[in-house]
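In order, the protein sequence lines correspond to chains A and B.
Counted from 1, the first sequence has number 76 at position 28 by the working numbering; the numbering is strictly sequential.
Counted from 1, the second sequence has number 513 at position 52 by the working numbering; the numbering is strictly sequential.
Using N, Cα and C, we set each Cβ at its ideal position, and we do this for glycine too.
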Amino acid sequence: MYVYDEHDHKIVEERVQQFRRQTDRFLAGELKEEEFLPLRLQNGLYVQRLAPMLRVAVPYGMLNSTQLRRIAHICRQYDKGYCHITTRQNIQFNWPQLAEVPNILAELAEVEMHAIQTSGNCIRNVTTDQFAGVAQDEIVDPRPYCEIIRQWSTCHPEFAFLPRKFKIAVSGTKEDRAAIHYHDIGLQLVKKDDGQIGFTVLVGGGLGRTPVIGSVVREFLPEKDILTYLEAIVRVYNLNGRRDNKYKARIKILVRAMGVEAFTKMVEEEWEHIRDTQTILTDKELSRAKSFFTEPDYQSFTEAETQTRLDEQAAANPAFARWLKHNISGHSVTGYRAVTLSLKETGIAPGDITDGQVETIADLADQYSFGEARTTHQQNIVLADVKATELLSLWGQLAEAGFATANIGTLTDMICCPGGDFCALANAKSIPVAEAIQREFDDLDYLYDLGNVELNISGCMNACGHHHIGHIGILGVDKKGEEFYQVQLGGSQGNDASLAKVLGPSFSRADMTGVIRKIINVYTETRTEGEEFLETYRRVGIAPFKERVYAKAD
Amino acid sequence: MQRLIKNGELINDEWTLVKDENFDLAELSQGQWALPLDMYEKAVENGSAALSRLGVILSSDQDVLALRGYLDKLPLVVINFAAFADGRSFSQARILREQLDYAGEIRAAGNYMQDQLFYLSRCGVDAFLLPEGVIVESALQSLADFSDSYQAACDEPQPLFRRRV
């Protein structure tokens, strides 16, 4: 993974010193609340319902064991012994003290981490596929480009006061696992027949109040042009995006108002001015960035011997077999597997982990996966480079640590924002709804029979829980001061991106498990052989679900 | 009297910024004046003063390209912040310097923050009319918040990746 040099260290350290001075001025009354606000946000610090919340950047989800141990230390030293993995691969602390935040940032800087631009109206942490570099369907490893974009966007002098937040995601695989259709800019890496690498550029996707699927503004952009092209897009947005209404300020609204063609023309004209500047990438920089993401020291195995042994182990141990089937992904190197650690154990808020668990992940990463781990936007953790021969031993340790719930990709592996228990923006709590659904669907065999069902919960229309793109989406709403939940169906985040449709009037929290049960029953009763939930929904439409859920009791 | 920092030093301000819509152009007979764009255009048209004594005040919603015909004789462009969260001024300054090759003074004024000084200076702003209540020493420190940056900008045409050894 990327390693800081003296320049990176200096920039991050100077950022910490800058924020320390700003915090001091604020605490001394020299900096007004409204002026401190954007400064603290751009250093990851929100003021939440109960306490400040600090969001730390995990650039494109990559962490090493040293960083994990420092995160665990911060959980213990400055927080209440746990942290939270967000839907944009970042890590949040829920209970830091404002005056201590500069010290936390200094501790992070020592291990090459920061909280720069994890909030506020600026370019946010760039995200990608959690299986980058090991995915079997990978076209090009996206991580070197993510790092190049991270550096370009970090402390960008022109784009720190945009009309609204700005999110970029990069996908390097055939199947999109980075939700590039739902980002302000989505970048799909492509390789031409002659080997030339570039990007298909999508602009104007997003969730929130007005969910929109992004539009292609350029089919093929050569890799060297990526930074100048990004700069042109963001400049056009900075100058033309609406600033009079925060709900109409995202780039998706500008693209829609101008029309994709007019918007694209304006970007291309701006780009003509800057495409030949020094910001065009060099071969040297591309190879430097790629040099940090080379293959680790893999051992060689034959697939036959590996698989035979796994089959034997699975036959002797049904619980291990279940886990193997659901929590393990294929790997581009023979004899290796990517392992997803489930942070969706029933009774634990989705994405929450304790200091001790973070340390366990660090130890397991060292022992089994070249000292690295990844966060996922589904709020789990991945160990990406595990030898198949060591899976059984790893599984035992994961089970002990509470990470072996074999529910990845099932209904109970849900995405869930912190909701009204923590967040000041939320209309309703989301964690108790998630827990109630997990308790209702506690039979693993039944869950497996349901197949891949993505259930996403947001506590408000800001959509941190990505409810628009869940096969089943749940949105917390406020009805005259009471918490209600709207249900949506048919969303999808992948290549076949689609936005969910609202089922009908909202429900009380107590009704929610019953509603989900009815929806699932409609699916199991109407599906054809081997048909997944989303396929059934697309075939039969929303009507049968609506009928069942809103049927009057006899 | 607002204080002015230019090129990193506190200096005397020779310019008067006109905010009154009913300002009488006859007053331009002596002194150095910065005028809102429409008034400036009128003053140029009327030959109200030597161009070397006239500057322009640009608000964040105005197109910087409107200045194109004047730039070679224009000594001062004031970019005026209505609100510090309005980041259009950053792009305006950069376009002035990098695309229109403007070499005169670009001055930040209005409702911006001390904590934006460093980024503004990277975008080509070289003079700052300090907001009320700002401590000069503290502002000078903010102006030098960072000693290195990743991106190319007006202060450094080479991005860091071309400067790494």
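Check                                                                                                                                      : Outcome
Buried/exposed call for Gly399 of chain A, threshold 16 Cβ in 10 Å                                                                         : buried
Touching by the beta-carbon criterion (3+ pairs, under 8 angstroms), the region 376 to 390 of chain A and the region 432 to 439 of chain A : yes
Nearest candidate by alpha-carbon position, reference Glu583 of chain A, set A:Phe84, A:Ala545 and A:Ile164                                : A:Ala545
Min CB distance Met574 of chain B to chain A below 7 angstroms                                                                             : yes
Members of the region 481 to 508 of chain B near chain A, C-beta cut-off 8 angstroms                                                       : none
Three or more C-beta pairs below 8 angstroms linking the region 81 to 97 of chain A and the region 166 to 175 of chain A                   : yes
Val501 of chain A vs Phe581 of chain A beta-carbon contact at 7 angstroms                                                                  : yes
CB-CB length for Ile59 of chain A against Phe607 of chain B, believed under 8 angstroms                                                    : 7 angstroms
Three-way DSSP call (helix, strand, coil) for Val303 of chain A in this model                                                              : helix
Members of the region 285 to 314 of chain A near chain B, C-beta cut-off 7 angstroms                                                       : Asn286, Leu287 and Arg291
Chain-ordered chain A contacts of Gly563 of chain B [CB-CB under 7 angstroms]                                                              : The amino acid occupying residue 563 of chain B in the given sequence is Tyr; Gly does not appear at that position. Per Cβ cutoff of 7 angstroms: no residues; Tyr563 of chain B is ~14 angstroms from chain A at best.
Nonlocal neighbours in the same chain, by C-beta distance under 8 angstroms from Ile485 of chain A, ignoring five residues either side     : Leu459, Thr460, Met462, Leu503, Met560, Thr561 and Ile564
Exposure label - Asp562 of chain B; buried when at least 16 CB within 10 Å                                                                 : exposed
Buried versus exposed, by CB contacts within 10 Å (16 or more), Gln236 of chain A                                                          : buried
Residue burial classification, Val570 of chain A (beta-carbon count within 10 angstroms, cutoff 16)                                        : buried
Complete runs of the beta strand (DSSP E) confined to the region 424 to 472 of chain A [at least 3 residues]                               : 429 to 435
7 angstroms Cβ cutoff, Gln619 of chain B in contact with chain A                                                                           : yes
Inter-residue Cα distance where the pair is Tyr439 of chain B and Glu470 of chain B                                                        : Because chain B in this structure spans residues 462 to 626, residue 439 of chain B falls outside the shown range and cannot be described.
Exposed unless 16 or more other CB atoms sit within 10 angstroms - verdict on Ser390 of chain A                                            : buried
Chain B residues whose Cβ lies nearer than 8 angstroms to that of Trp200 of chain A                                                        : Tyr611, Gln612 and Pro620
Helix, strand or coil at Leu389 of chain A according to DSSP, with G and I counted as helix                                                : strand
Uninterrupted alpha helix (DSSP H) stretches inside the region 470 to 540 of chain B (no shorter than 4 residues)                          : 498 to 507
Opening and closing residue of the alpha helix (DSSP H) in which Asp400 of chain A lies                                                    : No alpha helix (DSSP H) holds Asp400 of chain A; the beta strand (DSSP E) holding it covers Asp400 to Thr402.
Under 7 angstroms by beta carbon: chain A residues contacting Gln560 of chain B                                                            : His321
Same chain, Cβ closer than 6 angstroms to Ala510 of chain B, five either side skipped, listed in chain order                               : Leu489
Where His484 of chain A sits in the DSSP three-state scheme                                                                                : Note that residue 484 of chain A corresponds to Ala in the displayed sequence, not to His. Three-state DSSP puts Ala484 of chain A in a helix.
N- and C-terminal bounds of the beta strand (DSSP E) containing Glu530 of chain A                                                          : Glu530 to Leu537
Asp547 of chain B - partner residues in DSSP beta bridges                                                                                  : Answer is none; Asp547 of chain B lacks a bridge partner.
Beta-carbon proximity list for Asn475 of chain A, same chain, < 6 angstroms, skipping 5 on both sides                                      : Cys508, Gly524, Val525 and Asp526
Same chain, Cβ closer than 6 angstroms to Arg257 of chain A, five either side skipped, listed in chain order                               : Tyr295 and Met509
Alpha carbon of Asp177 of chain A to alpha carbon of Arg225 of chain A, nearest angstrom                                                   : 5 angstroms
Nearest-angstrom Cα separation, counted from Glu488 of chain A out to Thr248 of chain A                                                    : 42 angstroms
Contact set between Thr166 of chain A and chain B, taken where Cβ atoms lie within less than 7 angstroms                                   : Residues of chain B passing the Cβ test: none, with the nearest at roughly 17 angstroms.
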